Amino acid sequence: MPELPEVETVCKGLSGVLEGRRLVHVALHRPDLRVPFPAGFADRLTGRMVTAVRRRAKYYQWLLDDGWAVVGHLGMSGTFEVSPPGSNRPPPGKHDHVVIETDAGAIVTFRDPRRFGLMTLIPQAELETHPMLADIGPEPLDDVFDGAMLVAGLAGRRGPIKPALLDQKVVAGIGNIYACEALFRAGISPRRGCDSITGKRAARLVAALKAVLCEAIASGGSSLRDHRTVNGELGYFQHSFAVYGREGDPCPGCDCPGGTVQRIVQAGRSTFFCAKRQR
DNA sequence: CACGAACCCTGGCTGC
DNA sequence: TGCAGCCAGGGTTCGT
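Counting from 1 along the first sequence, just add 925 to a position and that's the residue number in my numbering.
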């Protein structure tokens, strides 16, 4: 379930390995993930230098020195494993689809058992306009993203707020987990109509989104160091969630004794919430 | 246009 | 123990 914080953590980890480095060997172990790799993908990467590693929504972007960018998505189960220079090179596993070696001798492996991920090449000049990225909404951690911007993004919607938060056009990078967690933090029912998310309620939801994302990034960043000393895997981490996956547990909110986390299905997705605390 | 459902895929879990 | 069946979910596509 890589969402914005997990992708951010992956980018931070990869920036230290890739930025300023030249890719000296690239191996593809299959022709496609969710979509085919571009023609000549491995050859086009080989010899290129990565000038910057960035994130937009749930996509990572590696800017290359030839004006192109590797743009990728972790899908459901995508992870990167980093083998530092000089370490034993692990034999590629069944789901190790892309293996890249840098001129420093590091090995970066993209692993994705369910193959919902993708990796492609886009000209840097088209990163804002390419169909894959053009319609994505504001970054939730941008200072300019506030209640008014959320309200604007929800304009015209009549359905419940929770599925709307999963729409990348409304706000970028939110997935099922952090949508649930932010609504819980804000005390807002996932069933509340988008048209009632206004004013202070919208501001509260925005503040909750920023808080849960920032805490997850901080947690991912700290567990990253521990993790890398073990096997260097960059992916997503076990956070302790207040409501996600906790159906039947007592509500962790202190001001609603007797509340229980319940699970409902909205737009085909599980929603976890406390009906007492969230209105 | 907005929204929901099906679909892609495999590992892990449940229940017989 | 083994196996069928279901579930997880991000994004795309299709139908309403």
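For each residue, glycine too, the CB sits at the ideal point set by N, CA and C.
Computed from a prediction, not measured in an experiment: that's the story for all the values here.
request  = Note the first and the last residue of the continuous alpha helix (DSSP H) segment covering A974.
outcome  = The question names Ala, yet the displayed sequence has Met at residue 974. No alpha helix (DSSP H) holds M974; DSSP gives it neither H nor E.
One or two residues paired with C1199 in a DSSP bridge: V1186
So, with DSSP's three-state summary, where would you put L1058?
helix
key: Per-residue DSSP class, three states only, for S1114   = coil
* Is the region 1036 to 1052 touching the region 995 to 1007 in the sense that three or more CB pairs, one from each, lie closer than 8 angstroms? -> yes
In angstroms, rounded to a whole number, what distance separates the CA positions of T971 and L1058? 25 angstroms
What residue does the beta strand (DSSP E) around S1008 start on, and which one ends it?
1004 to 1008
Taking buried to mean at least 16 other C-beta atoms within 10 Å of its own C-beta, is A1127 buried or exposed?
buried
Enclosing beta strand (DSSP E) for P1048 [first to last residue] | 1043 to 1048
Review point. Pick from F1035, R1039, G1184, K1135: whose alpha carbon is nearest that of G1072?
Key: K1135
Original post:
Going by other Cβ atoms of all chains shown within 10 Å of its Cβ, with 16 needed for buried, is E1172 buried or exposed?
Top reply: exposed
(message) Can you look up V1033 in the DSSP assignment and give me helix, strand or coil?
(response) strand
| message | Our contact map puts R1204 next to G1112 with C-beta atoms below 8 angstroms; I'd like the distance itself, whole angstroms only. | response | 7 angstroms
Worksheet item: Within 10 angstroms of its Cβ, does V1023 collect 16 or more other Cβ (buried), or is it exposed?
Response: buried
| said: For the region 981 to 991 against the region 1020 to 1037, do three or more pairs of beta-carbon atoms, one drawn from each stretch, fall closer than 8 angstroms, so that the two count as touching? | reply: no
Cβ neighbour criterion (16 or more within 10 Å) applied to N1101 = buried
- Message: With H, G and I counted as helix, E and B as strand and the rest as coil, what does DSSP make of H1020?
- Response: coil
* Which whole runs of the beta strand (DSSP E) in the region 926 to 966 are 3 residues long or more, in chain order? -> 948 to 953
(message) Helix, strand or coil, according to DSSP, for D1151 in the structure here?
(response) Residue confidence is low: D1151 scores 46 on pLDDT, short of 50, so the model does not pin down where it sits. Its coordinate-derived value is still stated next. Residue state, collapsed to three classes: helix.
In its own chain, which residues sit with a C-beta less than 6 angstroms from the C-beta of G1003, not counting the 5 before and 5 after it? D1037, G1042
According to the neighbour-count rule (16 or more other Cβ atoms, all chains shown, within 10 Å of its Cβ), is S1165 buried or exposed? exposed
task: Could you tell me the distance, in whole angstroms, from the CA atom of P1017 to the CA atom of V951?
output: 13 angstroms
Between the C-alpha atoms of T976 and D991, what's the straight-line distance to the nearest angstrom? 10 angstroms
Query raised in the report: Can you tell which of L958, A1031, P1065, H1055 has the C-alpha that lies nearest to the C-alpha of E933?
Result: P1065
Quick one: is S1121 buried, meaning 16 or more other Cβ sit within 10 Å of its Cβ, or exposed?
-> exposed
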